[in-house]
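Have a look at the structure below before the remarks.
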Amino acid sequence: MSLAAAPEVSGTADDERFMALALNLGRRGLGNTWPNPAVGAVIVKDGIILGRGWTQAGGRPHAETQAIKRAGKAAEGATIYVSLEPCAHKGKTPPCADAIIKAGIARVVSAMQDPNPEVAGEGHRRLAERGLRVDVGLGGDAARRAHAGHVRRVTGNRPQVMLKLAVSSDGKVGLAGRRPIAITGEAARDRVFQLRAASDAILIGIGTVLADNPALSCRLPGMFERSPVRVVLDSQLKLPLASHVMATVRETPTWVFAAPTASAVAEDILQQRGAKVFRVAHDNGRLDLAQVLNALAGQGITRLMVEGGPTVAASFVDADLVDEAVLLHGEKAIGADGIDALDGMPLSALTQSPRLRACASEQIGADRVDYFERV
Numbered sequence: 022m023s024l025a026a027a028p029e030v031s032g033t034a035d036d037e038r039f040m041a042l043a044l045n046l047g048r049r050g051l052g053n054t055w056p057n058p059a060v061g062a063v064i065v066k067d068g069i070i071l072g073r074g075w076t077q078a079g080g081r082p083h084a085e086t087q088a089i090k091r092a093g094k095a096a097e098g099a100t101i102y103v104s105l106e107p108c109a110h111k112g113k114t115p116p117c118a119d120a121i122i123k124a125g126i127a128r129v130v131s132a133m134q135d136p137n138p139e140v141a142g143e144g145h146r147r148l149a150e151r152g153l154r155v156d157v158g159l160g161g162d163a164a165r166r167a168h169a170g171h172v173r174r175v176t177g178n179r180p181q182v183m184l185k186l187a188v189s190s191d192g193k194v195g196l197a198g199r200r201p202i203a204i205t206g207e208a209a210r211d212r213v214f215q216l217r218a219a220s221d222a223i224l225i226g227i228g229t230v231l232a233d234n235p236a237l238s239c240r241l242p243g244m245f246e247r248s249p250v251r252v253v254l255d256s257q258l259k260l261p262l263a264s265h266v267m268a269t270v271r272e273t274p275t276w277v278f279a280a281p282t283a284s285a286v287a288e289d290i291l292q293q294r295g296a297k298v299f300r301v302a303h304d305n306g307r308l309d310l311a312q313v314l315n316a317l318a319g320q321g322i323t324r325l326m327v328e329g330g331p332t333v334a335a336s337f338v339d340a341d342l343v344d345e346a347v348l349l350h351g352e353k354a355i356g357a358d359g360i361d362a363l364d365g366m367p368l369s370a371l372t373q374s375p376r377l378r379a380c381a382s383e384q385i386g387a388d389r390v391d392y393f394e395r396v
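Each residue of the sequence shown is one higher than the one before, starting from 22 at the first, in my numbering.
As structure tokens, then:
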């Protein structure tokens with residue numbers, strides 16, 4: 022499924038500036054608002070910003086109502102810039118479209134239509150029927166990237182999948198014997214923590230748990246609370262109770278995916294300790310990734326970061342389930358006896374995949390980071 026849509030429309034310089042602000046505000050909520058999209062909104066009149074808002078933790082309150090609350094009565098006759106179509110259905114909160122109408126706002130500039138079947142143009146239609154000017158499409162390309170997880174979940178019943186790999190200058194991810202090694206510098210590792218914070222969940226395999234015992238948290242000042250749900254693929258439920266992901270399960274959720282044949286006793290023990298266990302089909306010892314993603318979407322996950330080892334990474338590439346990739350290149354080589362980045366396939370299966378295209382690159386200290394996105 023491509024996220025491409027109708028061509029992006031243009032606006033005045035002020036329109037573009039205020040929509041860019043709305044998009045930036047919305048990004049503050051990435052990884053923190055699921056199952057709802059991370060939306061940003063700005064209310065402006067006569068070139069003056071009257072109110073700003075973004076979706077709050079857990080998905081409520083919504084961005085529009087936050088901005089309206091801050092603008093107060095001054096919102097009458099103003100323009101609201103919003104990164105996604107205002108909702109028109111009543112869920113746990115009243116429709117944002119009705120709040121906009123009630124506030125007396127005169128114009129709505131919306132970056133994109135919400136593909137959620139409960140909205141799907143109804144918000145725009147309701148606003149237009151009440152006499153508001155509604156302009157749709159400004160900032161649409163950026164909005165589709167920001168809301169890729171929401172779009173993927175409501176149209177494809179799975180999260181947006183981002184694969185992260187850190188590789189040495191000779192394309193290796195570990196020492197012989199699957200021994201871990203630091204590949205990138207501290208600045209690049211901080212970028213990884215930022216990527217985690219913008220993800221709803223992070224996925225690894227049991228092999229990575231046994232070899233590295235990672236915490237999978239956001240170890241930046243003030244960011245620990247933004248640590249994503251930890252997801253472990255563990256077909257036979259071998260997850261040690263002393264592992265970091267289990268020892269801290271009360272602080273940051275841990276979800277485990279197992280085969281139907283895995284021990285019921287082991288499942289009970291993990292669940293008693295606070296983990297959540299899911300059963301999905303498996304074949305030749307590998308769990309059905311499509312079922313894993315469907316289950317995660319059912320739990321509200323919209324953005325999944327895959328940070329597993331070579332086997333898990335290769336399985337996602339092989340199944341054509343990678344929507345974005347972040348490839349961190351360290352400056353040092355490991356050597357021919359090191360572990361390849363993708364088990365059983367060359368790294369070019371990712372970097373030269375016809376399903377992905379390179380979209381950006383940056384230098385972070387001594388390391389280079391390449392970004393890819395689905396075509």
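Each residue gets a CB set at the ideal place from its N, CA and C atoms; glycine is no exception. Just so you know, these numbers come straight off a predicted model, no measurement behind them.
Problem - Rounded straight-line distance, which links the Cα of Val-396 to that of Ser-23 - result: Bear in mind that the predicted position of Ser-23 carries a pLDDT of just 39, short of 50, making it too unreliable to give a figure here.
Exercise for the section: Report the rounded CA-to-CA distance for Ala-307 versus Ser-256, giving the unit in angstroms. Expected result: In the sequence as displayed, the identity of residue 307 is Arg instead of Ala. Roughly 7 Å between the two C-alpha positions.
Practice task
Count the other C-beta atoms from every protein chain shown that fall within 10 angstroms of the C-beta of Thr-33, then say buried if there are 16 or more, exposed otherwise.
Solution key: exposed
Handout entry: Exposure label - Ala-197; buried when at least 16 CB within 10 Å
Key = exposed
Problem - Beta-carbon spacing of Leu-260, Val-301 below 8 Å - result: no
Handout entry: Selection from Glu-37, Ala-335, Leu-153, Arg-294 that minimises the alpha carbon distance to Ala-163
Key = Glu-37
Practice task
Note down the Cα distance separating Ala-187 from Asp-211, rounded to an integer number of angstroms.
Solution key: 13 Å
Problem - Other residues of its chain near Lys-66: CB distance less than 6 Å, five sequence neighbours each side excluded - result: Ala-99
Practice task
Identify which residue in Leu-348, Ala-316, Ala-362, Gln-320 has its Cα closest to the Cα of Ser-336.
Solution key: Ala-362
Practice task
On a CA-only basis, which of Leu-262, His-303, Leu-317 is nearest Gly-295? Give me that one, please.
Solution key: Leu-262
Practice task
Going by CA-CA distance only, name the one from Asp-309, Leu-317, Gly-330, Gln-320 that's closest to Asp-341.
Solution key: Asp-309
Problem - Beta-carbon contacts of Val-270 that lie in its chain and below 7 Å, excluding the five residues immediately before and after - result: Arg-294, Gly-295, Ala-296
Exercise for the section: Alpha carbon to alpha carbon, how far is Val-140 from Ser-284? Give it in angstroms, no decimals. Expected result: 43 Å
Handout entry: For Asp-344 and Met-183, believed in contact at Cβ under 8 Å, the rounded distance
Key = 7 Å
Exercise for the section: Drop a sphere of 10 angstroms on the beta-carbon of Arg-165, count the other beta-carbons inside from all chains shown, and report buried for 16 or more, exposed for fewer. Expected result: buried
Exercise for the section: Return the residue from the list Ser-238, Asp-233, Ser-31 that minimises the CA-CA distance to Ile-223. Expected result: Ser-238
Exercise for the section: Using alpha carbons as the reference points, say which of Leu-348, Leu-254, Ala-354, Ile-290 lies closest to Ala-279. Expected result: Leu-254
Exercise for the section: Pick helix, strand or coil for Ser-382, following the three-state DSSP scheme. Expected result: strand
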